[in-house]
Structures are given as C-alpha cells and as structure tokens.
Amino acid sequence: HQDYEISKLLWYLFNQDWFYNSENIGVKIKSPIDLLVSAHRIWPYKFEDDKAYFKIQKLLGQTLLDPPNVAGWSGDKDWIDTNTLMIRLKLPSLIYGINLQNGSSVGGFRGRKKNPFMAEVDSEYLIENYKDFNSTEVSEFVLSSHINRRFFSDYIDPMSKRLTAVRLMSLPEFQLS
Amino acid sequence: MKRRDFIKTTSLASGMLLVPSFVKAFDSTYLKSQGYKRLVIIQLSGGNDGLNTIIPYRNDIYYNARPRLAISDGIIKVSDELGFHPSLKALQPLYEEGELSIINNVGYPNPVRSHFKSMDIWHTAGDANSRLRSGWLGRYLDLAAKHPYDAIETNEFLSLALKGERFSGVATEDYKILYNTSRDPYFNRVLTNSHSQHLGEHNLGYLYQTMIEAKSSAKYIYENTKTSSSTIEYPKNELGRQLNTSARFINSHLDTKVYYHSLSGFDTHANQANPQKRLLKIYAESVAAFVKDLKKGGTFEDTLILTFSEFGRRVKQNAANGTDHGTAINVFVIGKKLRKAGFYNDLASLEDLDRTGDIKYSIDFREVYKTILNRWLNIDDPSIIPGNFQTLSFI
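Taken in order, these protein sequences are the chains called D and V. Sequence positions in the first sequence follow this note's numbering and run 4 to 180. Sequence positions in the second sequence follow this note's numbering and run 56 to 450.
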C-alpha cells in the first residue's frame with residue numbers, strides 16, 4: 004500500500020468482513036446531499052425548477068461548494084435539529100407526491116402550487132426496476148437497518164412498492180447510512 | 056427563609072419527580088414574578104446605511120461626502136446634532152417616551168466587509184479571526200433553555216445566532232402548518248412504534264428524540280397561542296407579518312425567551328434613496344405596531360427589542376448614487392426600562408475616520424450583547440461571549 008493508490012485501499016476495505024459488521028452499518032447521519040442522492044438512487048426524480056435543489060440545500064444546511072470554512076461541515080448530529088429533521092422526514096412524500104397513509108398521488112397543478120418540492124418521476128420505475136423483488140425485499144434496498152417484523156404492516160405495502168419505498172424513506176432510519 | 060425560597064430549595068433537593076405538581080406550578084409562578092424577561096431581535100440584512108438613518112444634519116462633511124445622497128428634507132430633528140431619516144417617523148413617539156435608545160458607532164476591531172463573514176461575526180459574537188460555529192443566543196440557551204421553542208424564529212431557516220452547542224431553536228413561518236405537519240398520522244405511527252423499541256443507540260436514539268421534541272414544540276406553540284384576532288393593524292409586509300406572529304406568541308405568554316426576525320434588502324450599492332426610504336418605513340411602522348400590540352397585551356415591560364445590521368456603509372457615496380460596505384453602525388434598543396434613552400453616545404467624528412475613510416467604532420457589539428445577557432437576561436457565564444467585555448449602562 005505504499006504507492007498510495009486509493010483504488011487498492013478501497014479494494015482491500017470492501018473485501019474485509021469487518022467492514023460489513025452490523026455495528027458499522029447504518030450509524031452515520033447522512034448529510035443533506037447524501038440524503039438527496041440516496042433517494043435518487045432508489046427512485047430517480049428531477050425538479051422542474053432548478054431552484055428547488057438550492058432551496059432544499061439551504062433549508063437542510065448544506066449548500067454544495069460553499070462550506071462554512073476550509074474544514075468543511077462538522078456533520079453527523081449537527082445536521083439534525085427539530086426543523087431540519089421535520090423537513091427531511093417530510094421530503095420524500097413531497098418529492099414523489101405520495102400520501103403516506105393511503106398511497107394516493109398528490110399531483111396536478113394545485114398539488115404543485117402548494118408543494119414547491121414536487122418532482123418529476125417515472126411512476127413505473129419502481130415496478131420495472133424491482134420487478135424481481137417483492138415489497139419486503141425492496142425495503143432492504145432502501146434502509147441499511149432491518150425493520151422489526153412487528154411493524155411491517157405499518158410500513159410495507161405488499162401491493163405497492165411505490166408506497167413502501169416512500170414510507171421507508173420517510174423514516175428516521177433512512178437518515179442513517 | 057421565605058416560604059418561596061424554602062419550596063424552591065426543597066424541590067431542587069428532592070428531585071423534580073418527587074415534587075407534587077401543585078408545588079411545581081407554584082415554582083414557575085415564582086420565576087415569572089421575578090420578572091420573566093424576553094428578547095426580540097430584528098436583523099436588518101445587507102448592511103444598513105447608518106449615516107442616512109441617524110443623520111448629523113448640521114455637519115458639512117456629511118453633505119459634502121454625499122452630494123446627491125445626503126438627506127436634507129424632512130429630517131426628524133430629535134436632538135441638536137442628530138435627526139432621524141424621515142421614514143422613521145413612526146418611531147418618534149417611542150423616542151419621546153424614552154423607550155428608544157440609540158447606540159452609535161457599534162462595531163468591532165478589524166472590521167470585515169463581507170456580508171456572510173460579518174453576519175457570522177454578529178451571530179457568533181466572534182471577530183475577524185474567530186471561527187465560532189455556534190451563536191451567542193444559542194450558547195445562552197444551551198444554559199437557560201428547556202425546550203427548542205425557547206427560541207422561535209419566524210422564518211424557514213434557523214439563523215446561526217440561535218444554534219448552540221446542543222440547543223437549536225424552532226424556525227417556522229407558519230406555526231399552524233408546522234402543527235399540522237407534526238400531526239401526520241404516519242409519523243404518529245412511527246413514533247408510537249419507537250416507544251416499544253430499544254433506542255439507546257447513538258444516532259438512531261438521537262433522531263427519534265429530536266422527532267419527539269419537534270412534535271412537542273409544534274404542539275406547545277399551537278395549543279398555547281391564542282388565536283383571537285389582534286385589533287392592532289400591522290403593515291402588510293415581511294417584517295409586519297413576522298412581528299405580528301411573535302406578538303401573538305408573546306401575548307399568549309409562551310415560555311419562549313428569544314424571538315428572531317429579519318428584514319432584508321439593505322445592500323444599497325446603487326440608487327439607495329428609494330429602497331432605504333421604503334425599508335426604513337417598513338421597519339419603523341412594523342416596530343411601532345408591535346410595541347403597541349405588546350403594550351395592549353401588557354407584555355411590553357418584559358420585552359427588550361434589539362435591532363442591528365451586519366455593518367454600516369461608507370461615508371462617501373459612490374458614483375451609482377449608493378454606498379458601499381462600511382464598518383460601524385448604530386444599534387437600536389427599545390424597551391420600557393431603559394436607563395439611558397435617546398442617544399446613548401455621540402456619533403463618531405466624521406473628521407476622524409479610519410484609514411479607508413470609514414467610521415471608527417467606539418463600542419464593541421459584544422459589550423451590547425454582554426449588557427443584555429447580564430442585565431436583562433440575568434445570566435453571567437463566560438462561555439457565552441468569549442473575551443473580556445465591559446457592560447454598558449443603557450439598561
């Protein structure tokens with residue numbers, strides 16, 4: 004490892020068993036950008052208005068390429084206060100325009116007017132991309148920790164991967180990576 | 056020993072859980088009767104031109120430095136040397152009642168002329184060299200607050216000033232929307248489920264704890280705020296709305312200690328006259344309505360209002376009929392129990408400017424903060440404002 008090759012270091016890391024130990028998974032609080040990107044990886048979305056990206060960054064306390072000082076952002080718990088947490092929890096249902104209770108779509112012009120964070124999404128994406136998996140298995144793509152079986156019925160909808168994904172992204176657990 | 060002291064001491068000794076609730080209720084009444092004080096902050100963002108706000112109307116240097124921008128008509132001449140910008144008319148009664156104190160030339164050494172950096176300095180009570188990441192009020196609330204709603208900012212974003220090492224205030228433009236969001240049935244289900252889980256774990260436990268606090272803050276504010284419509288008319292603008300909301304909270308006797316507001320648009324590099332005229336009018340009329348509302352609610356006595364801007368502007372006007380970033384500026388303090396109302400100190404001499412032609416500061420803003428902390432909020436802890444600063448005597 005003396006040639007400082009990052010790819011070699013990463014190859015080594017990713018092949019160690021301890022890297023995958025449960026105590027190392029799902030312990031770090033995602034930065035605002037982590038959060039936005041991790042949602043996008045599960046179900047891609049695009050804001051019509053570019054300003055929405057900046058507004059969310061500002062609300063959550065991380066504007067890209069503009070750190071408070073050369074040390075960057077302090078991160079972890081500092082991302083979270085009562086305001087930023089509420090926004091983070093609410094964001095997926097706003098972005099995907101889905102009612103968390105019954106899965107109905109909140110859309111149309113009126114929906115957009117009230118909700119500046121409603122994005123364009125491909126509503127068939129989840130069905131196509133996860134066609135070999137059921138809703139419970141989809142949950143494993145969304146969260147890095149396991150949901151207690153007792154609460155499955157509250158979060159996982161066997162009939163709707165869309166609703167399952169958005170509900171899980173609306174959990175405090177989704178804030179962790 | 057007075058009965059109140061006895062009960063207060065024993066309740067502390069026996070631990071809150073063992074104290075019957077009627078005694079706890081009595082305990083908070085005791086604290087309130089001691090003079091429960093609240094602080095209201097109004098931030099003028101962009102760097103207000105202090106020299107056209109408090110005008111040295113007899114000074115030739117002022118008129119020579121600003122051939123087109125100097126104010127000459129309609130100045131409200133409140134003293135022999137200084138007058139208000141005509142837009143501050145609504146504040147004149149406050150001045151005459153002795154409820155307004157103007158502290159001139161407030162700043163700090165090696166002034167910074169960048170908006171973000173200077174605003175950070177005012178928020179964190181730092182200086183040009185410091186890198187403090189928590190706000191002065193946040194650090195005060197780290198010690199004095201029990202709940203996030205002990206500081207409320209009527210805005211979408213929480214200012215750094217209200218972020219402590221552990222404490223963070225509540226930022227909300229509309230407390231009713233906040234309340235409805237917090238009552239979402241799905242989130243209630245999530246919280247109920249969390250009760251039966253072991254959540255001691257580091258971050259997950261912290262997240263759920265914060266979620267619970269968010270919900271209880273929203274509930275506290277909503278349930279305790281009286282919605283009977285105020286009969287005071289506020290101007291229909293950004294600051295008017297913010298102050299109207301805060302007055303409602305204050306007159307509902309929320310336990311909140313700090314209320315934060317901001318009015319932006321003061322960065323007048325070009326064609327300053329009309330924007331500043333408009334903004335100062337918004338400021339004065341909103342504050343006048345707010346004070347009237349608090350007086351009506353009987354809460355003005357316990358409220359202190361501090362207005363500041365991140366810097367003033369240059370003495371000489373520029374070619375675009377505006378002014379560029381400057382240094383020291385005046386700070387307004389409004390309240391019932393001012394020790395020195397009117398002009399706390401003289402305006403700095405315009406013949407003795409710093410080497411870049413800007414006003415030299417004579418009072419460090421941290422002295423203003425320290426005075427408010429010691430004399431108004433009754434707290435004296437060196438962790439809040441780093442450095443040694445004197446207290447002033449405006450309160």
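We put the CB at the ideal spot given by N, CA and C, even for glycine.
For residue i, count the other beta carbons within 10 Å of its own beta carbon; 16 or more makes it buried, fewer makes it exposed. Which is it?
i      : result
D/W82  : buried
V/K291 : exposed
V/W177 : buried
D/S138 : buried
V/S283 : exposed
D/P35  : buried
V/F366 : buried
V/M174 : buried
D/R170 : buried
V/E340 : buried
V/G138 : buried
V/T378 : buried
D/F17  : exposed
V/V346 : buried
V/L447 : buried
D/V145 : buried
V/P122 : exposed
D/R152 : exposed
Along chain D, in chain order, which residues have C-beta atoms closer than 8 angstroms to that of residue i?
i      : result
V/Q252 : N151
Can you pull the chain D residues whose beta carbon is under 7 angstroms from the beta carbon of residue i, in chain order?
i      : result
V/S223 : D84, T85
V/P441 : Within chain D, no residue comes near V/P441; the closest Cβ sits about 17 angstroms away, beyond 7 angstroms.
V/P203 : T85
Apart from the five residues on each side of it in sequence, which residues of its chain come closer than 8 angstroms, Cβ to Cβ, to residue i?
i      : result
V/G397 : V133, S134, Y150, G153, L155, S156, I157
V/Q356 : The sequence given here has Glu at residue 356 of chain V, not Gln. Taken in chain order, the residues that qualify are K391, K392.
V/A80  : In this prediction, V/A80 scores a pLDDT of 39, lower than 50, which makes its location untrustworthy; the coordinate-derived value is nonetheless stated afterwards. Excluding residues within five positions, none has a Cβ falling inside 8 angstroms.
V/A343 : A145, L146, P148, L149
V/S76  : Annotation note: pLDDT 41 at V/S76 (below 50); position unreliable, coordinate value reported separately. The answer is none, since no qualifying residue turns up.
V/E268 : H202, P203
V/P111 : Y117, E136, L137, L402, L405
V/N326 : A375, N376, G377
Our contact map puts residue i next to residue j with C-beta atoms below 8 angstroms; I'd like the distance itself, whole angstroms only.
i      : j      : result
V/G224 : V/E208 : 6 angstroms
V/D205 : V/I287 : The pair is not a contact, with the Cβ atoms about 25 angstroms apart (cut-off 8 angstroms).
V/S317 : V/S100 : 5 angstroms
V/L106 : V/V370 : 6 angstroms
V/F420 : V/G162 : 7 angstroms
V/A383 : V/N160 : 4 angstroms
V/Y277 : V/K312 : Rounded, the Cβ-Cβ distance is 19 angstroms, inconsistent with contact.
V/D338 : V/L294 : First, the residue type needs correcting, since residue 338 of chain V is Tyr and not Asp in the sequence shown. So it is a contact: roughly 6 angstroms between Cβ atoms.
V/S364 : V/N103 : 4 angstroms
D/S147 : D/D37  : About 12 angstroms separates the two Cβ atoms, so there is no contact after all.
In chain V, what lies closer than 9 angstroms to residue i by C-beta?
i      : result
D/I59  : Within 9 angstroms Cβ-Cβ: nothing; D/I59 doesn't reach chain V, min ~11 angstroms.
D/E176 : L259, L262
Residue i touches chain V at which residues, Cβ-Cβ below 7 angstroms?
i      : result
D/D157 : R244, N248
D/V30  : H257, N258
D/Q104 : P240, Y241
D/L62  : E211, F212
Output needed for residue i: all residues of its chain with C-beta closer than 7 angstroms, excluding positions within five of it in sequence on either side, in chain order.
i      : result
D/F50  : Y56, A122
D/S173 : L92, P95, S96, L103
V/L213 : S223, G224, A226
V/L334 : L318, G320, F321
V/F444 : D419, R421, E422, K425
V/D115 : none
V/S249 : Y263
V/T354 : I305, N306
D/V141 : Y133, K164, T167, A168
V/I131 : G138, F139, P141, L143, K144, Q147
Near residue i, which residues of its chain fall below 6 angstroms by C-beta distance, leaving aside the five closest residues on each side in sequence?
i      : result
V/A68  : Confidence in V/A68 is poor, its pLDDT being 42 and thus under 50, which makes the residue's placement unreliable; the coordinate value appears in the next sentence. Correct list: empty, nothing qualifies.
V/L359 : L94, G390, W431
V/K273 : Sequence inspection shows Ala at residue 273 of chain V; the Lys mentioned does not correspond to that position. Counting only Cβ-Cβ distances below 6 angstroms, and skipping sequence neighbours, we find L233, Y234, S237.
V/I97  : H316, T362
D/D6   : none
D/W14  : none
V/M71  : Residue confidence for V/M71 is low, a pLDDT of 41 falling below 50, so the modelled location carries little weight; the figure read from the coordinates is stated next. Cβ neighbours of V/M71 beyond the five flanking positions: none.
Kindly list, in the order they appear in chain V, the residues whose Cβ is closer than 8 angstroms to that of residue i.
i      : result
D/K54  : Correct list: empty, because the minimum Cβ distance to chain V is about 14 angstroms.
D/Q65  : Under the 8 angstroms cutoff, chain V gives no residues; its nearest Cβ is about 12 angstroms from D/Q65.
D/L179 : N258, L259, L262
D/K80  : N258, Y261
D/L166 : Within 8 angstroms Cβ-Cβ: nothing; D/L166 doesn't reach chain V, min ~10 angstroms.
D/L92  : F242, M266
When you check each C-beta in the segment 155–180 of chain V against every C-beta of chain D, which residues fall closer than 7 angstroms? The residues in question: there are none.
Using Cβ-Cβ distances below 8 angstroms, what residues of the segment 298–311 of chain V are close to chain D? none
Return the residues of the segment 226–239 of chain V that lie within a Cβ-Cβ distance of less than 9 angstroms from chain D, sorted by chain order. For the segment 226–239 of chain V, the set of positions with a beta-carbon nearer than 9 angstroms to some beta-carbon of chain D reads A226, T227, L233, T236, S237, D239 in chain order.
Contact set between the segment 340–358 of chain V and chain D, restricted to residues whose Cβ is under 7 angstroms from the partner: none
Interfacial residues, the segment 262–279 of chain V to chain D, with Cβ spacing under 7 angstroms: Those residues of the segment 262–279 of chain V that come within reach of chain D (Cβ to Cβ, closer than 7 angstroms) are L262, Y263, T265, M266, E268, A269, S272.
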